[in-house]
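Asks: A single structure is presented below for examination.
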Amino acid sequence: MKTILRILLLSGAALTTNSVFATDLVCDVYPKGSNGYSSNGTARCDAFDFSFGNSTTGKFYLQNISKPINQVIWQGDASCSGGTSCTVNVRAYRSTSASALILYKDGTYETTNIARMSYETGH
């Protein structure tokens, strides 16, 4: 019985440690003009303004990086070649999403969560 409890505690600690140190993918959307609204710094960000434009810029970026990174491979609508952030064009009324495969210097790797951004305008 003690062995089973010990295994369960160690397994729980390993799962908790893994989720605590996971790198997060978040985003920012930059509305045009001073009267815009945005919810930045989360995995689901959006922006609204009255510019009547059809696009704006946004950025996906890694947060809570726990160890040195060797390479980042961006996936989805983020077509950057490495780095811990990726600037994208966000079309009005269309969702833009991305994830990243992170290759760490210690030989381990991690696939991040999927982050999504959207943009609405007075159009």
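Numbered according to mature numbering (1 follows the signal peptide of the UniProt record, and there is no 0), the sequence shown spans residues -22 to -1, 1 to 101.
Ideal Cβ positions, reconstructed from N, Cα and C, are used throughout, including at glycine.
In this text the structure is predicted, and so the values were computed from the model without any measurement.
Would you please state the rounded distance, in angstroms, between the beta carbons of T62 and I47? I believe it to be under 8 Å.
Replies: As a position in the sequence shown, residue 62 is number 84, starting the count at 1. As a position in the sequence shown, residue 47 is number 69, starting the count at 1. 7 Å between Cβ atoms; contact.
Asks: Buried or exposed for G11, going by 16 or more other Cβ atoms inside 10 Å?
Replies: As a first step, residue 11 is located in the sequence shown; it is residue number 33 there, counting from the start. Label assigned to G11: exposed.
Asks: Under 8 Å between the Cβ atoms of D55 and S75?
Replies: As a working note, residue 55 is residue 77 in the sequence shown. As a working note, residue 75 is residue 97 in the sequence shown. Yes.
Asks: Quick one: grab the DSSP three-state call for T90.
Replies: Position 112 of the sequence shown, counted from the start, is the residue given in the question as residue 90. It is coil, neither helix nor strand.
Asks: Check C58 in the structure and name its three-state DSSP category.
Replies: Within the sequence shown, residue 58 is the residue found at index 80, counting from 1. Of the three classes helix, strand and coil, the one that applies to C58 here is coil, per DSSP.
Asks: Rounded to whole angstroms, how far is the Cβ of Y97 from the Cβ of V66, which I believe are closer than 8 Å?
Replies: Start at 1 with the first residue of the sequence shown, and residue 97 comes out as number 119. Start at 1 with the first residue of the sequence shown, and residue 66 comes out as number 88. Between V66 and Y97 the Cβ distance is about 11 Å, and since that is not below 8 Å, they are no contact.
Asks: So, using beta-carbon positions, are A93 and V4 closer together than 8 Å?
Replies: The residue labelled residue 93 in the question sits at position 115 within the sequence shown. The residue labelled residue 4 in the question sits at position 26 within the sequence shown. Yes, these two residues count as a Cβ contact at 8 Å.
Asks: Put D27 into one of helix, strand or coil per three-state DSSP.
Replies: One-based indexing of the sequence shown puts residue 27 at position 49. Here D27 sits in coil by DSSP.
Asks: Tell me, to the nearest whole angstrom, how far the beta carbon of T90 is from that of S77; I am working on the premise that it is less than 8 Å.
Replies: As a working mapping, residue 90 is identified with position 112 in the sequence shown. As a working mapping, residue 77 is identified with position 99 in the sequence shown. Yes, they are in contact, since the Cβ atoms of T90 and S77 sit about 5 Å apart, within 8 Å.
Asks: Mind checking who N67 pairs with in its DSSP beta bridge?
Replies: Mapped onto the sequence shown, residue 67 falls at position 89. BP columns for N67 point to T35.
Asks: Answer with buried or exposed for K83, where buried requires no fewer than 16 other C-beta atoms within 10 angstroms of its C-beta.
Replies: If you number the sequence shown from 1, residue 83 lands on position 105. K83 should be labelled exposed.
Asks: Could you spell out the range, first to last residue, of the beta strand (DSSP E) harbouring I80?
Replies: Numbered from 1 along the sequence shown, position 102 holds the residue referred to as residue 80. Start and end: 74 to 82.
Asks: Can you list, in chain order, the residues of its chain whose CB lies under 7 Å from that of T34, leaving out five sequence neighbours each side?
Replies: Taking the sequence shown and counting its residues from 1, one reaches residue 34 at position 56. Taken in chain order, the residues that qualify are V7, Y8, P9, K10, A25, V68, Y97.
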